[in-house]
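First to last, the sequence lines map onto chains Y and D. For the first sequence, the numbering used here assigns the number 74 to the initial residue and increments by one for each residue that follows. For the second sequence, the numbering used here assigns the number 74 to the initial residue and increments by one for each residue that follows. C-beta: ideal position from N, C-alpha, C; glycine also. One structure is given below, encoded as C-alpha cells.
Number of protein chains: 2
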Amino acid sequence: MDGHAPTVDAPTRILDAAENLIIARGVAALTLEAAAREAGVSKGGLLYHFASKEALLEALLRRLSAFIAQEFAACVAAQPEGPGRVARSMLEWGFGEGDLSCNERHQRAGAVFLAAFHHDPALLAPMRAVIAEMRAAVAADGLPPGHGAAIMAAGDGLFMARLFSLYAPSSAELAEMRAALSGLLGARP
Amino acid sequence: MDGHAPTVDAPTRILDAAENLIIARGVAALTLEAAAREAGVSKGGLLYHFASKEALLEALLRRLSAFIAQEFAACVAAQPEGPGRVARSMLEWGFGEGDLSCNERHQRAGAVFLAAFHHDPALLAPMRAVIAEMRAAVAADGLPPGHGAAIMAAGDGLFMARLFSLYAPSSAELAEMRAALSGLLGARP
DNA sequence: CTTGAAAAACCGTCCGGACGGTATAGTTAG
DNA sequence: CTAACTATACCGTCCGGACGGTTTTTCAAG
C-alpha cells in the first residue's frame, strides 16, 4: 500500500541516524546538521520533529531505556524460576557469548548514553530509573545480600570496559569470569 | 621563605583548575579560557605551558594514570603476600569504606577520564596501559582463572556507577558486595 | 655587587569557523 | 487546506588557536 513510502518514519530514521553518527565519529560529531544529513532530511525537517538538540537527546534516551527495560525483562523471563533468577539473567545478559546483534546493541546503548551525559547529565534520568528497577529486582532475588549486586556490578564493569575500549576479554576469559561469578549463585540467604 | 611565591607552579595549578572545572560544571565547561581563569592565569599564559587543548588533556591523563598506577601499587604492597593478593587489594581499593579523599580522587579520575574521551578517545592510551598492567597482575595472582577478572570487573562497575551517578550503594551494601566477592578468593587454581 | 641582555613566563586581543537555533519561502501528498 | 517537509539564509555565541607585546627571571661579563 506504500511501495514508495519510507521503510520507517522520519523521527525513527533521525534517531537511528543520530546513533550511527555517534558510533562512527564520536559524541562530538552529533550536530543537528550532521544528524539531518545522515537521516536524509533537511535541518528544518529535523527541527520539525525534534524542536531542539535536547529534545532529540531526550527522545534518544527514552527509546533506549525502554528498549533496555524490555530486553532485560525478556532475559529474566527466559530463566527458570527460583532464587537467583535475576542474577542469572544478568550473567547471561552481560557475559553471554554475545551474538553480534547484542554487541551492536551495547554499542548503540553506550553511544546514546555518552552523548546524553555530555550534553546534560540530567538527561540520564530515564536510564537511572531503569537501573533502579533492576537493582530492586536483584535485591529481591532470594540470594544472600550483596551477591546479586556484585554480579550486577561485574556486568556493569564489563559494559564500561567495552564502552571505552579499555580492554576486550576473549570469549574464553569471559566464560571463566562467568563461571567464577556463578559461584555466587549457590548459597541461600 | 616564599610569602609571595606561588604554592605550586603554574602548570600544576592549570591542571588542577581544569579538573575542578570538569567536576564542578561538566566536561563541556572545560575551555581554555575557563581553565585559565580558574587557574588565575591568562589564556595566553595557559597556551604557553600547554600548546593546545589536546596537549592539556594529554598532560591531565598522563598525570592521572601515573597517579593511579602508583596508588594501586601501594595498595597491593599493603596486602599480605600469597594467592589473591592483587584481587584482595582491588577489593580494598574499590569497595573500601572510602575515606573521603579516596572518593574525591575517584571523582577527579572520572572527570579527567570523561573529558579526555570526549575530546579524542585515543587520549585514553596511557590509562589503557595502566589497566593492561593491572589485568596482567590479576591474571598472575594465583587464583583460578576468571576469579580475579570478575572482582576487577565488579570494581569497574562500581566506578562507572559513581562516575555517571547511576546509583550510590550504601556502605552496608558495599560491605555485602565485598563479602560476596571475597568468596571468590578462597579456591586454588 | 652591578649591569644588561637574553630567555622564560605571561598577558590581552583578535580571527576564522562551527554550532544551535530562527526565519522564511516554497513544495508535495492526502 | 493542512501536515510534512525542503532549501537557504542568517544571527548570536563561543571556542581554539595565533600573535605581538610585556613583565619577570636568569646569568654571565664587567
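In this structure, D:Phe232 places its C-beta atom within 8 Å of the C-beta atom of D:His179. Nearest in C-alpha terms to D:Glu206, of all of Y:Tyr240, Y:Leu254, Y:Ala97 and Y:Ala101, is Y:Tyr240.
In this structure, Y:Ala90 keeps its C-beta atom at 8 Å or more from the C-beta atom of Y:Ala101. If you draw a 10 Å sphere on the C-beta of D:Asp214, you find 16 or more other C-beta atoms in it, and that means buried.
Those residues of the stretch 240 to 259 of chain D placed with their C-beta closer than 9 Å to a C-beta in chain Y are Tyr240, Pro242, Ala245, Glu246, Leu247, Ala248, Glu249, Met250, Arg251, Ala252, Ala253, Leu254, Gly256 and Leu257, ordered along the chain. For D:Val100, the C-beta contacts it makes with chain Y under 9 Å involve Phe190 and His191, in order along the chain. In the displayed model, Y:Val100 falls within a helix according to three-state DSSP.
Per DSSP, reduced to three states, the secondary structure at Y:Tyr121 is helical. DSSP places Y:Ala234 inside the alpha helix (DSSP H), whose first and last residues are His220 to Leu236. Fully enclosed beta strand (DSSP E) runs of no fewer than 3 residues are not present anywhere in the stretch 144 to 221 of chain Y. Under the three-state reduction of DSSP, Y:Thr80 is assigned to coil, being neither helix nor strand. Distances from the CA of Y:Asp193 to each of Y:Ser162, Y:Ala150, Y:Leu129 and Y:Pro242 were compared; the closest alpha carbon is that of Y:Leu129.
If you look at Y:Leu254, you'll find it in the alpha helix (DSSP H) that goes Ser244 to Ser255. For Y:Leu105, the uninterrupted alpha helix (DSSP H) segment begins and ends at Leu105 to Ala112.
Rounded to whole angstroms, the Cβ separation of Y:Met225 and D:Ala222 is 16 Å, and the two are not in contact under 8 Å. Residues of the same chain with a CB within less than 8 Å of the CB of Y:Ala83, apart from the 5 flanking positions on each side, are Ala112, Val114, Gly118 and His122 in chain order. Contact with chain Y is found for D:Asp229, since one of that chain's Cβ atoms lies less than 8 Å from the residue's Cβ. For the pair D:Leu257 and Y:Ala227, the CB atoms are not nearer than the 8 Å cut-off. Contact of Y:Gly219 with chain D is assigned, a C-beta pair being separated by under 8 Å. Against chain D, the beta carbon of Y:Ile204 has neighbours under 9 Å at Ala234, Leu239 and Tyr240, listed in chain order. With fewer than 16 other Cβ atoms from the protein chains shown falling within 10 Å of its own Cβ, D:Glu154 counts as exposed. Shown here, Y:Leu134 sits in a helix according to DSSP, grouped into three states. Contact annotation for D:Pro194 against chain Y: Gly99, Phe237 and Ser238 [CB-CB distance below 8 Å, chain order]. When D:Arg110, D:Leu134 and D:Ala160 are compared, the shortest CA-CA separation from D:Ala182 is found for D:Leu134.
In terms of Cβ geometry, D:Met163 and D:Phe186 do not form a close pair [threshold 8 Å]. Take D:His191, set aside five residues on each side of it, and the residues of its chain with a beta-carbon closer than 7 Å to its own are Val100, in chain order.
Residue state for D:Ala142 is assigned as helix, using DSSP reduced to three classes. Between D:Ala150 and D:Val203, the C-beta gap is not smaller than 8 Å, which leaves the two residues out of contact. Nearest C-alpha to D:Glu131 among D:Arg110, D:Arg158, D:Trp166 and D:Ala195: D:Ala195. C-alpha of Y:Ala97 to C-alpha of D:Gly169: approximately 38 Å in a straight line. Taking the Cα of D:Glu144 as reference, the smallest distance to any Cα among D:Pro156, D:Arg110, D:Leu120 and D:Cys175 is reached at D:Cys175. For the C-beta of Y:Arg208, the chain D residues within less than 7 Å are, from N- to C-terminus, Tyr240. The Cβ atoms of Y:Arg136 and Y:Leu88 sit closer than 8 Å to each other.
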